[in-house]
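Asker:
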Amino acid sequence: MYFLLLILVISILVAYFTRAHWVPKIGELRERFHYTRLPFFRSEDDGSFEQNIEEGLTSSTFDLHQNLLGGDERHGLENTDEIRKLMKKYKCNFDQARLIQQQNKMKANGIDPRTGVPIDPKAVYFS
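Counted the way mature numbering (1 follows the signal peptide of the UniProt record, and there is no 0) counts, the sequence shown spans residues -20 to -1, 1 to 107.
1. Suppose you measure from the CA of glutamate 11 to the CA of valine 3; what does that come to, to the nearest Å?
2. Is the beta carbon of arginine 78 sitting closer than 8 Å to the one on phenylalanine 42?
3. Along the chain, where does the alpha helix (DSSP H) containing histidine 1 start, and where does it finish?
4. In angstroms, rounded to a whole number, what distance separates the CA positions of glycine 50 and phenylalanine -4?
5. DSSP has isoleucine -11 in a bridge; who is on the other side?
6. Around the Cβ of isoleucine 99, are there at least 16 other Cβ atoms within 10 angstroms (buried) or fewer (exposed)?
7. Classify leucine 44: buried if its beta carbon has 16 or more other beta carbons within 10 angstroms, exposed otherwise.
8. Applying the criterion that 16 or more other CB atoms from any shown protein chain within 10 Å of the CB defines a buried residue, is methionine -20 buried or exposed?
9. If glutamine 81 sits next to leucine 66, beta carbons under 8 Å apart, how far is it from one beta carbon to the other, in whole angstroms?
10. In whole angstroms, what is the alpha-carbon distance linking leucine -8 and asparagine 84?
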């Protein structure tokens, strides 16, 4: 009985003193296993261009005001949740988050984000 109590106390002490190492990983695991909607279907959460502008999802190089002035009938930006998460995680602005998102998509599809060339060693190039 005392042996089990000793193991429990030691485990609690180890967890307490190493919490700086494992506590941040809990948030990462929660985000990794959190349900996300399918990318092929739009949700009402993406909102409209007005909502995107209010949330700061616009810049001088990606100006949503022109979409509003031009009478664009689309619903707004897609993947706004992902862009917001990137902005929060990397503490960057909208343009940098869009760049990171695009680079991640390219990596996932086997393309080098710096050069735009396929990463596959069996790829054939014609010049």
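Backbone N, C-alpha and C fix where the C-beta goes; we use that ideal spot for every residue, glycine too.
Answerer: Taking the structure as given:
1. 13 Å
2. yes
3. -2 to 13
4. 58 Å
5. Answer by DSSP bridge pairing: none, since isoleucine -11 is not bridged.
6. exposed
7. buried
8. exposed
9. 6 Å
10. 39 Å
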